[in-house]
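Participant: Top line first, the protein sequences correspond to chains E and X.
Residue numbering for the first sequence is 14 to 204, as defined by the working numbering.
Residue numbering for the second sequence is 13 to 238, as defined by the working numbering.
The C-beta atom is built at its ideal place from N, Cα and C for all residues, glycine as well.
On a predicted model such as this, the values are computed, not experimentally measured, just so you know.
Provided herewith is a single structure, encoded as structure tokens, for subsequent inquiry.
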Amino acid sequence: MHWIHASVFFSLLVTGAILYFPSLSIAIGRRQVVKDVHLWSALAWVVALLVVVIVGDRSSLRRSLREVDRFDRDDGRWLIGKRAPQGRFNAGQKVNLILTGVLTVLFTVSGVLLWLGEQDTRFRLDGSIALHDGATLISLFLLVGHLYLAVIHPSTRHALRGITRGEVREDWAEAHHRKWVEAEREARRRV
Amino acid sequence: MKERREGVPIGRAAFLGLAAAGISSLAWGKSAFDAVSSALPSGLPSIAPSNGWRIYSISNPLPTFDPATYRLQVFGLVDKPFELSYADLQDLPQESQISDFHCVTGWSVEDVHWEGVRIRDLLASVQLAPTARALRFNSAELPYDSALTLEQALLPDTMLALKMDGKPLTRPHGSPVRLVIPQMYGYKGVKWLKSIEVSREAFAGYWEREGYDNDAWVGRSNGYTS
Numbered sequence: 014m015h016w017i018h019a020s021v022f023f024s025l026l027v028t029g030a031i032l033y034f035p036s037l038s039i040a041i042g043r044r045q046v047v048k049d050v051h052l053w054s055a056l057a058w059v060v061a062l063l064v065v066v067i068v069g070d071r072s073s074l075r076r077s078l079r080e081v082d083r084f085d086r087d088d089g090r091w092l093i094g095k096r097a098p099q100g101r102f103n104a105g106q107k108v109n110l111i112l113t114g115v116l117t118v119l120f121t122v123s124g125v126l127l128w129l130g131e132q133d134t135r136f137r138l139d140g141s142i143a144l145h146d147g148a149t150l151i152s153l154f155l156l157v158g159h160l161y162l163a164v165i166h167p168s169t170r171h172a173l174r175g176i177t178r179g180e181v182r183e184d185w186a187e188a189h190h191r192k193w194v195e196a197e198r199e200a201r202r203r204v
Numbered sequence: 013m014k015e016r017r018e019g020v021p022i023g024r025a026a027f028l029g030l031a032a033a034g035i036s037s038l039a040w041g042k043s044a045f046d047a048v049s050s051a052l053p054s055g056l057p058s059i060a061p062s063n064g065w066r067i068y069s070i071s072n073p074l075p076t077f078d079p080a081t082y083r084l085q086v087f088g089l090v091d092k093p094f095e096l097s098y099a100d101l102q103d104l105p106q107e108s109q110i111s112d113f114h115c116v117t118g119w120s121v122e123d124v125h126w127e128g129v130r131i132r133d134l135l136a137s138v139q140l141a142p143t144a145r146a147l148r149f150n151s152a153e154l155p156y157d158s159a160l161t162l163e164q165a166l167l168p169d170t171m172l173a174l175k176m177d178g179k180p181l182t183r184p185h186g187s188p189v190r191l192v193i194p195q196m197y198g199y200k201g202v203k204w205l206k207s208i209e210v211s212r213e214a215f216a217g218y219w220e221r222e223g224y225d226n227d228a229w230v231g232r233s234n235g236y237t238s
């Protein structure tokens, strides 16, 4: 799920940037090709997401969604900068996921309106491009922070292994996601 | 396996609320962006969303302007077809104006300084045939073209611009000369003008053939009614 989203997002971002920035539009040209790649990437993404949901581990997805949905006092404390034990997703990760979900919806709605609006005046709203642009700006902001924490920042970099290899060091998990480690240990004890 | 502390399920509420707020921006987003962009210091708006130029082209590469060989041809329903070099264009009476530019897709650039030639001055040296009703503008970027009625071409703020923001038109903006008609959406403003044909009728140009309106009045065409 993460890597489908990441690769398609990257493709959409690059083609989107070419369509948006004059310096790139001029240098690359081929507007129709770039536009087609942009649109097909978006379509491929929707299809890929459906495939993941249909053939993937739905109960695992549901469990993740449930975790992301819930915010407790520890999350509240964490979000204002205080140390507090976190679950499998820390509060920032939950916020990121929710915002990503929101932005996905907003990109899809505005993108479809822009595309349909080219063919049919009934779909032309001058707010479509504002929404699409605004979503891009917010996404870029989130992306920069996301990449910094995932790749550069020393204490969180290890999480990258989690999303690529599917595992992390237990001591790191204890320090950063204590409630998750404790819950897993308890589950093992019961078994 | 139950989590020890349940917490409050505000995630889905946040998702739905934010998504709804975002979608509502379809109604107010453009005004908001225009307001923010006008408030920003002048250097910034060119990268701020919805208040900087975007360059759309239909074929590759963008035309290049060679001052030695460039000629703007004027033909059709006139008594004497003629052509003008870049220097000839510069010798015609020059006027300047400040106008907003609106693209039909929803972005705008405010307060663009244009300098150039009024159509009436361009055509001052010729007689139009009695059947002449329109002008077709042909771009060097094939097959881009558009047309205006004579009345639209002679509006007080329609012009053939040679300079934008104090400098000669740059290549992405349609050098050496482009049509500017601020009261209509930007697709009517043919860039890299190669020739002008005086005709009986304002035949549909490139984007008009794709379904966009001939009379592309800002705010009251192409499905917009604001």
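Report yes if the CB atom of Leu-154(X) is closer than 9 Å to the CB atom of Leu-172(X), and no otherwise.
Facilitator: In this structure, Leu-172(X) does not lie closer than 9 Å to Leu-154(X) by Cβ.
Participant: Any chance you could list the alpha helix (DSSP H) runs of at least 4 consecutive residues sitting entirely within the stretch 22-53 of chain X, in chain order?
Facilitator: 23-51
Participant: Please state whether DSSP places Gly-178(X) in a helix, a strand or coil.
Facilitator: coil
Participant: For Met-13(X), does the count of other Cβ atoms within 10 angstroms reach 16, so buried, or fall short, so exposed?
Facilitator: Per-residue confidence for Met-13(X) stands at a pLDDT of 44, beneath the threshold of 50, marking its modelled position as unreliable; the derived number appears in the next sentence. The Cβ neighbour count for Met-13(X), taken over all protein chains shown within 10 Å, is under 16; the residue is labelled exposed.
Participant: Below 8 Å on C-beta distance, what does Asp-82(E) contact in chain X?
Facilitator: Per Cβ cutoff of 8 Å: Pro-21, Ile-22, Gly-23 and Arg-24.
Participant: Could you give the residue range of the alpha helix (DSSP H) that holds Glu-127(X)?
Facilitator: Counting along the chain, Glu-127(X) falls outside any alpha helix (DSSP H), though it belongs to the beta strand (DSSP E) covering 120-129.
Participant: Just reading off the alpha helix (DSSP H) that Glu-163(X) is part of, what are its end residues?
Facilitator: 162-165
Participant: According to DSSP, is His-114(X) part of a helix, a strand, or is it coil?
Facilitator: strand
Participant: Beta-carbon within less than 7 Å of Glu-80(E)'s beta-carbon, same chain only, minus the 5 sequence neighbours each way: which residues are those?
Facilitator: Cβ-Cβ distances below 7 Å link Glu-80(E) to Gly-100, Arg-101 and Phe-102 in the same chain, with the five nearest sequence neighbours on each side left out; the list follows chain order.
Participant: Span of the alpha helix (DSSP H) holding Val-194(E)?
Facilitator: 191-203
Participant: Would you say the stretch 101-110 of chain X touches the stretch 163-179 of chain X, given that touching needs at least three Cβ pairs under 8 Å?
Facilitator: yes
Participant: Determine, using beta carbons only, whether Tyr-156(X) and Ile-70(X) come nearer to each other than 9 Å.
Facilitator: yes
Participant: Closest by CA to Val-59(E), which one among Val-125(E), Trp-91(E) and Ile-111(E)?
Facilitator: Val-125(E)
Participant: Going along the stretch 113-131 of chain X in order, which residues come within less than 8 Å of chain E, judged by CB to CB distance?
Facilitator: Val-116, Thr-117, Gly-118 and Trp-119
Participant: Kindly say whether Ser-123(E), judged by its beta-carbon, lies nearer than 9 Å to any beta-carbon of chain X.
Facilitator: yes
Participant: What residues from chain E crowd round Arg-66(X), counting only those whose CB sits closer than 9 Å?
Facilitator: Simply Leu-32, Tyr-33, Phe-34, Pro-35 and Ser-38.
Participant: Going along chain E in order, which residues have a C-beta closer than 7 Å to the C-beta of Gly-235(X)?
Facilitator: Thr-134, Arg-135 and Arg-137
Participant: Mapping the DSSP letters down to three states, classify Gly-186(X) as helix, strand or coil.
Facilitator: DSSP, read as helix, strand or coil, puts Gly-186(X) in coil.
Participant: Could you run through the stretch 192-223 of chain X and flag, in chain order, every residue whose CB is less than 7 Å away from some CB of chain E?
Facilitator: For the stretch 192-223 of chain X, the beta-carbon criterion of a distance under 7 Å to any beta-carbon of chain E is satisfied by Gly-223.
Participant: From the DSSP output, read off the bridge partner residues of Ala-157(X).
Facilitator: Note that residue 157(X) is Asp in the sequence shown, not Ala. As computed with DSSP, Asp-157(X) is found in a beta bridge with Asn-150(X).
Participant: Terminal residues of the continuous beta strand (DSSP E) containing Lys-206(X)?
Facilitator: 205-211
Participant: From the DSSP output, in three-state form, read off Val-138(X) for me.
Facilitator: In the three-state reduction of the DSSP assignment, Val-138(X) falls in the coil class, being assigned neither a helical nor a strand state.
Participant: Closer than 9 Å, Cβ to Cβ, to anything on chain X: give me those residues from the stretch 85-112 of chain E, in chain order.
Facilitator: Asp-85, Arg-86, Asp-87, Asp-88, Gly-100, Lys-107, Val-108, Leu-110, Ile-111 and Leu-112
Participant: By Cβ distance, which residues of its chain are closer than 6 Å to Val-65(E), with the 5 residues on each side in sequence left out?
Facilitator: Met-14
Participant: From the DSSP output, in three-state form, read off Glu-180(E) for me.
Facilitator: coil
Participant: Helix, strand or coil for Pro-61(X)? Go by DSSP, reduced to three states.
Facilitator: Residue placement at Pro-61(X) cannot be trusted, given a pLDDT of 48 that sits under 50; what the coordinates show is reported in the next sentence. Correct three-state label for Pro-61(X): coil.
Participant: Could you please give the first and the last residue of the uninterrupted beta strand (DSSP E) stretch that includes Gly-29(E)?
Facilitator: First-last for Gly-29(E): 15-33, but that is the alpha helix (DSSP H), not the beta strand (DSSP E).
Participant: Select from Ser-151(X), Lys-42(X) and Gly-235(X) the residue whose C-alpha is nearest the C-alpha of Arg-135(E).
Facilitator: Gly-235(X)
Participant: Find the residues of chain E that neighbour Ala-228(X), judging by a C-beta separation of less than 7 Å, and give them in chain order.
Facilitator: What Ala-228(X) touches in chain E: nothing, since even the nearest Cβ is about 12 Å away.
Participant: Going by Cα to Cα distance, which pick from Ala-165(X), Ala-99(X) and Leu-30(X) is closest to Val-118(E)?
Facilitator: For Val-118(E), the nearest C-alpha among the options comes from Leu-30(X).
Participant: With Leu-104(X) and Glu-95(X) assumed to form a contact (beta carbons below 8 Å), what rounded beta-carbon distance in angstroms separates them?
Facilitator: Approximately 13 Å separates the beta-carbon atoms of Leu-104(X) and Glu-95(X); this is outside 8 Å, ruling out the contact.
Participant: Who are the near neighbours of Arg-86(E) in its chain, counting only those whose CB is closer than 6 Å to its CB and skipping five residues on each side?
Facilitator: No residues qualify anywhere along the chain.
Participant: Would you call the CB atoms of Asp-133(E) and Pro-21(X) closer than 9 Å?
Facilitator: no
Participant: Tell me whether Glu-12(X) sits in a helix, a strand or coil according to DSSP, three-state version.
Facilitator: Absent from the model: residue 12(X). The displayed extent of chain X is 13 to 238, so no value can be given.
Participant: From Leu-26(E) to Gln-45(E), what distance separates their C-alpha atoms?
Facilitator: If you take the alpha carbons of Leu-26(E) and Gln-45(E), they lie about 16 Å apart.
Participant: Below 8 Å on the Cβ atoms is my guess for Gly-231(X) versus Gly-140(E); work out the distance and round it to an integer in Å.
Facilitator: Contact between Gly-231(X) and Gly-140(E) fails: their C-beta atoms lie close to 14 Å from each other, not under 8 Å.
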